[in-house]
C-alpha cells in the first residue's frame, strides 16, 4: 500500500493574498488576477470581498468565473444570494467548457435550488449528475442528505444500491446506506455497515530526534500556533468555536513533516491488518492513498458536530494536546464519539443506535472508515485540545 503525504506548502495563504491584492491594484482589469484573488478569498471565507472582486456584470464572463461567483454567493447567503446563485450556475451550465465544469455547475445549481425550497428541480438535477457519473460523491451526498431530511430511508437504501450496481467506487454510499438502515430501524445492519467496530487507536511511538513524545507534541503545538494561516473556523465544516490551520504541512515545520510520514507508516500497517476483514469498506480499498490534513484547536467550549468525510476512504486524527479533565467533568467531555447524526437518521434512531465513546489522550492516533459518522464534545477546561485530522483519499 502506497501512502503519499501532502506536499509542503511553500507560501502562506495570507502572503498569497497580499501579493494578489497588490497585483490587482496595478492591473485592475485582469480577469485572471480577479479570478485567482476571488478564489483565494472564497477559500478564506472572505465572501464579501470575493463577490466584490468579481462584480455584478456577467457579460463576457467565463463559465468558470460564473461558477465561482455562484458558490461565493451561496456561501455568503445574504438576501437574494440563493436566487442569484441559481441563475449564475444555470448560465455556467450553458457555457461550460468541459464536462467536469458542467457537472460542477449543475451541482452548484442543484444546491441553490434546494436552498430555495425547489426540491423537485434540485433533486432531478442531482439524479442527472449521479446517473451520468456514479462517482460524483458531492452530488450523491447532497441528494441522500436531502432524502434523509425528508425521512425517506428506504429511498436512500435503494439509491445506494443503484449506485453500487452502476459502478460507484466511493465509500459515501456506505454511509448513506447505513443511515437509511438506521432510519428504517434496522440498527444491527446499520452498525455493521458503519465500520464503527473497525475504529483503531494506538499511541504513536516517539520519533527520532525528540527525547520523548511530550517533547515531540510540544514542538507540534509550537508550529501549529505559530502558523501564519491560523484562522477561526471555516465555512462548510462541522467545527464550532474552533481555530484551524488548513495546511499544517508547510516549509519550516519539521515536526509536522515527521508526523505526516509517521502517520503514513501507521496507515500502511493498519491497511495490511485489515486485509483479512470481510467488510464492504475494506473491499473498496484503493490501490494508493493520498493524505490531506488540517489542524483543529478547541478551547473549553469548542467541538465538532456530527459529520463524516465523504472524499476519503480512511480518516483519522492525531492528538497533539489534550487538557486534563477536572473532577466532576461530564463523562463524554473532550471525547471523540461515533454514532449516527439525529438530523439525518432521526432523534429516535440516533438514540437507539447509541454512541461509541473514545476518550483521547496526547499522542493518540485514531484511524477509522471515512464514512463513519463521528463528533467531538467540548472538554470544558483551560488550555487547548489540538488535533491534526486527515483523510486518506484515493490517489
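In my numbering, the protein residues as written are 2 to 396.
For every residue, glycine included, the Cβ atom is placed at its ideal position computed from N, Cα and C.
All values derive from a computational prediction rather than experimental measurement.
Item: Whether residue 307 touches residue 376 by CB criterion (9 Å); Value: yes
Item: Which residues DSSP lists as bridging residue 362, in chain order; Value: Its beta-bridge partners do not exist; DSSP assigns none.
Item: CA-to-CA distance, residue 129 to residue 112, given in whole angstroms; Value: 14 Å
Item: Whether residue 352 touches residue 343 by CB criterion (9 Å); Value: yes
Item: Given residue 6 as reference, the closest of 259, 302, 148, 222 once Cα atoms are compared; Value: 259
Item: Cβ contact (3+ pairs, closer than 8 Å) linking the stretch 203-217 and the stretch 164-184; Value: no
Item: Assumed close pair residue 296, residue 229 - CB separation to whole angstroms, cut-off 8 Å; Value: Not really, about 13 Å apart at Cβ, beyond 8 Å.
Item: Exposure label - residue 270; buried when at least 16 CB within 10 Å; Value: exposed
Item: Nonlocal neighbours in the same chain, by C-beta distance under 8 Å from residue 16, ignoring five residues either side; Value: 229
Item: Among 340, 332, 336, 368, the one whose alpha carbon lies nearest that of residue 322; Value: 336
Item: Residues near residue 122 in its chain [Cβ-Cβ closer than 6 Å; skip 5 each side]; Value: 114
Item: Touching by the beta-carbon criterion (3+ pairs, under 8 Å), the stretch 301-315 and the stretch 17-36; Value: no
Item: Paired residues, beta bridge with residue 377 - DSSP; Value: 337
Item: Span of the alpha helix (DSSP H), counted from its first residue to its last, around residue 303; Value: Segment 289-305 is the beta strand (DSSP E) holding residue 303; no alpha helix (DSSP H) there.
Item: Residues sharing a beta bridge with residue 164, DSSP; Value: Note: residue 164 sits in no beta bridge, so no partner.
Item: Local conformation of residue 322 per DSSP, three classes; Value: strand
Item: Contact under 9 Å by Cβ, residue 316 with residue 371; Value: yes
Item: The stretch 72-88 touching the stretch 48-61, judged by at least three CB pairs closer than 8 Å; Value: yes
Item: Contact under 9 Å by Cβ, residue 320 with residue 362; Value: yes
Item: Closest Cα partner of residue 268 within the set 185, 394, 193, 358; Value: 394
Item: Cβ neighbour criterion (16 or more within 10 Å) applied to residue 145; Value: buried
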